[in-house]
Structure formats: C-alpha cells, structure tokens
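First up is the structure itself, then whatever we jot down about it.
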Amino acid sequence: MNVVKRTTHESLKQGALGALLVCGALSAGLALTGSALPASAAVAMAEPLNELSQEHLAAIGEAGTVYLSGTWSGFVNFPLPDGTTAWSDQIDASFSCSGFVASSDGFVVTAGHCADVAEGKTALVDQFLSNEVDNGDITEAEAQAYIAAGAEGAWPVEGQKTGEAPVLAMKVYPAISISADSASGFTAVLQDDRPIGQGDVALFKIDAPSPLPVLVVSGEQPATGQKVDAIGYPGNVTGLVSGNPQPTFAQGQVSGRQQTDGGPFTQIGVTMSPGMSGGPVIDTSGDVIGTISFGPSGDTQQLNFAAAPETISALLSRNGVKNVLGAADSHFRAGLAEYFDGKYHAAADDLGKAVAANPQNAIAQQYQAKATEAFPRENTTGWLLWVAIGGAVFLLLVIGLVLLLVLRGRRKRRAALPRTDVPFSTLPAGGAAPGEPAAAVFAAPVAAASVASPSIPAVQPAPTVPPAPAPAPAPSATHCGSCGTETAAGQRFCTACGHPVQAP
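In mature numbering (1 follows the signal peptide of the UniProt record, and there is no 0), the protein residues as written are -41 to -1, 1 to 463.
Take a look at the structure:
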C-alpha cells in the first residue's frame, strides 16, 4: 500500500513539473517568436524609441507648418534731380514667409523679421526703385547706386497718415496641398514681434473655424550633431508651381549654439532659401527646436541660424499661449502612428475623428484615404493567433497550479492522520537464522479452544521478550503462575490473565 501511494505521489509531482516546464518552454518560444515576427520592430529597437521615420515626421511637420503671404503698403519719400523730394504713390511690396501653429485656437509663430517695420520700409524702398526701373524713369545701375548710397535706410517711408508706419497685411494658409485648388487663407493679426536683434520671433493670431494641428516646442536645447528637419515654403518654388505649394523639407544636423547680440541662436547645417524664414526646425520626434532665421550673406555653405527654443517659449509665455496638443491633435497623431504601424483600420478611425474636428487638416485627409486603401493589406488575424497561444499557456499554468495544490493537500492529510503504535515481538527462538534480521509481525491474543470463559479480560500488549539462547524441553502441561489456569505445553501466555507462562 505504501509503495502505491509513493508511486502516485511521484506521478503527480512529475506531471506538475512537466506542465510547468511546458509553460516555460512556451513562454520562451513566445518571447523568441515575438521578437522575430516583426522585422521592423527588431530594427526599431536599435533606434531611439522616439525617433520617427522621415515620412512620419513629414506628415506631422507639414500639417503644423503654415504659409504666410504678406504685403507692406506705404509711401516713399524720394529725392528729385533738382535736390527736392517727393512722395510716391502708394507702394505695395509683397513677400512670403513660413511659420507653424503653436496652439489649436489660431496662434502662429514665424520669424520676427517677417513682421518687423524696419524690414517693411526696406522692402518698400526696393519695390519703389524696381517700379521706377520698370517704368523707364531710372536705370538699373542708378537703382543700385541709390541702394549703395543708403536709400533703404535713409529715405522716409510712412503709412496712410503722416508719421504712421507702413501697414502690414498678412494672410496665413494652414496645411494646404497642391491638390487643393480652393485653399483660402486667414487674415492674421500681429500680437508680438521681436526683430533679429532681439531673437527674431513673431506671433500672429488667426480666427480659424476649427482647431488647427499644433507643433510643440521642445523643452530641451538641441545637442550638437542632432538630426533635424527645416520646413518651409521657398519663395522661388512658390512662384514656379501651379496651385498651392507644398512645404520643402531640408535635412541636416545641429552644428552648434551661438550667442549673438540678439540672444542665443542654434546653428544648423541645412540649406535654406528666402521664403522659408519662420518655418519650424523639428527634431526626430517632431518637436520644434527653433524657427528658421538668417544666414550669412553670400555664404554658399550650409550654415544658417534658427531662433532658440527658449526664445520661442518665452514669446508664447509672454502672450499667454498654451503650446499643448488638443483632442484633435491626439487623434491625428495616433492615426499617423497606427498607419505607419500597419494598423490601417484603427488609423482610418482616428484620422477620421481628426478630420471631423478640423476639416482644414489636409494631411489628415490624405492619410485617412491612404489607410482606407490599405485595408486589404492589414493583418487582422494575427491577434487571433496570439489569443490562442496565450489561452493555451494560461490553461497549462492553471493545470500545473492545480496539480501542485493537490500534492500539497495530500501531504497535509497524511500529516494529520493519528499514529498507531502496533506492538510486535520477535519470532520464537529458532524462528530466525542467526545473523538475519527478525521480521516484525503484528501480535494478537491467542485463544485456547479447550477453555471457555464467560468473561475474558482485555488482553494487554505483551512486552518484547528477548530470545532465549537455547529452547528447553517444555513439559506436557503446566499452570499459570499468576492465576493457576492450566496451560498447554509450549504455550507462552496465559489465556485467562494474559501473563507470561513461566517454564517449569
């Protein structure tokens, strides 16, 4: 019986251990399989976790980058050949800049020189001279001579009224694309301006009917060697394309941090063109680390400067602008992340919510259409496999746990059973060969067939009797020394009182 119990115990123990080993093997297999299934995931682990692909960055950056179309209007006081001066007719000087949306309620950041009155006066003088050349009143050489003599800074320029500054009319075009033929801009009102000598940042406000996609300013200074993208609308490109232009992305890296009289600037090794001024410079996670500012005149090297992130943050803080992502931004960015992760159904859903919140977000519209077209390519059955494998592992773990609990319960029950001391005696002399261990036997009272007793007292267990060295011949009959009852020859215990029978 004991042997059977030990065998069952060992079987249960081996089964539990086997189940746990299987679970461990499956878990290890799942870990290996999970790391081997998506090759792109394995590559991504070697990259910074927050580093996005170039297309992903382009989608975020383009959505938050805006095109600014400005016009300075004023009157130029120019010299006449007789030494007197005269006021010109109204002069309009148009230009373009770039910028980014800093808050969903319509605050836009651009370069300070795009709104600087001094820059506006210079632009009006240049436009006046260009008009004079076109009209044949002066030659190109004469116009250049005026500029060399300091006309841009010396000639008075005023607005509609005497003493007033020229007027700036600015329109902002958010998230536009070439395919949109009916893109319309929003009138922008200047809120704050810091010229190049003070950091080169400006803040405009537009009244957009729906939330605009936001770019967030980084809270950290860019590190030298860090990869960046400068985004903007080059003026030479916007004049060539038909319809609405798309922003240009110029890739490069941070070259250093320079301190100027106007404050800190970030030096970037990126080629830029006029018209890109004010455009955002973003890092590999899509955060703004500066706005395009200026470059050395005539320098053919990729050496340009961007306003420092702390300068932009100070501008926003000074005007109470909260530079945070809104609900529409969360849906937009979640949809983009899902799209680039191959989760096209989820991407279409989130991008649809972004479009519903902001119909002006052309980038969200484009990627929603791409996600819908990619539905057939999405692996929608992969999760079923993982659920099945996970269920199997869970079931095996439960089985192993149950078996262990059963084993523990059996051990407790066996430990709780009362112990029974079973008396035993050695075999009579001669029952075991010398040198062999005596086998234990259960002792029981021996009843005499020839003697009947109406009341037999309970038989007490007999003490162990050491074996006699040599058996003596037993008489044919004797009597119990305790009670006097007659006993048979060779009988060792009295059947009446249970005491040992003394040999004669």
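Backbone N, C-alpha and C fix where the C-beta goes; we use that ideal spot for every residue, glycine too.
What you are looking at is a predicted structure, and each value in this text was computed from that prediction instead of being measured.
Looking at the DSSP output, Phe452 shares a beta bridge with Pro459. The C-alpha of Ala209 is placed about 12 Å away from the C-alpha of Gly20. A residue is called buried once 16 or more other Cβ atoms fall within 10 Å of its Cβ, and Val173 is buried on that count. For Thr146, the uninterrupted beta strand (DSSP E) segment begins and ends at Phe145 to Arg153. Gly191 sits close to Ser57, with the two beta carbons spaced by under 7 Å.
In this model, Asn338 and Val361 are separated by some 37 Å (Cα to Cα). Only exposed fits Arg370, as fewer than 16 other CB atoms lie within 10 angstroms of its CB. Ranked by Cα distance from Lys80, the options Glu111, Leu284, Glu14 and Asn9 are led by Glu111. Relative to the Cα of Phe59, the nearest Cα in the group Asp51, Ser53, Pro125 and Thr69 belongs to Thr69. With a cutoff of 7 Å on beta-carbon distance, Pro239 and Val213 are scored as not near each other.
Taking a 10 Å sphere around the C-beta of Cys439, we find 16 or more other C-beta atoms and assign the residue as buried. Here Cys56 is bridged, per DSSP, to Leu27. Secondary structure note for Ile97: it is in no beta strand (DSSP E), with a DSSP letter that is neither H nor E. For Arg277, the enclosing alpha helix (DSSP H) starts and ends at Pro268 to Arg277. Remark: C-beta atoms of Gly194 and Ser55 approach each other more closely than 7 Å. Contact check for Ser272 against Phe264 fails: the beta carbons are separated by 7 Å or more. Per DSSP, the unbroken beta strand (DSSP E) holding Arg216 starts and ends at Thr207 to Thr219. Under the DSSP assignment, Lys120 falls outside any beta strand (DSSP E); it carries neither an H nor an E label.
Less than 7 Å separates the beta-carbon of Ala287 from that of Ala313. For Val176, the closest alpha carbon among the candidates Ala266, Cys442 and Gly311 is that of Ala266. Counting of Cβ neighbours within 10 angstroms places Asn94 among the exposed residues, the total staying below 16.
Pro335 sits in a helix when the DSSP states are folded into three classes. Fewer than three pairs of CB atoms, one per stretch, sit closer than 8 Å, so the segment 16 to 30 makes no contact with the segment 95 to 109. Here Ala305 has Glu297 as same chain residues with Cβ atoms under 6 Å from its own Cβ, once five neighbours each way along the sequence are excluded. Per DSSP, reduced to three states, the secondary structure at Leu262 is coil, with no helix or strand assignment.
Secondary structure of Ser89 (DSSP, three-state): helix.
One alpha carbon belongs to Ala82, the other to Thr24, and they sit about 25 Å apart.
For the set Pro268, Leu366, Leu295 and Gly449, the Cα lying nearest the Cα of Asp159 is the one of Pro268.
Gly222 has Thr219 as its beta-bridge partners, per DSSP.
Here Gly33 really is in contact with Pro125; their C-beta atoms are around 3 Å apart, less than 8 Å.
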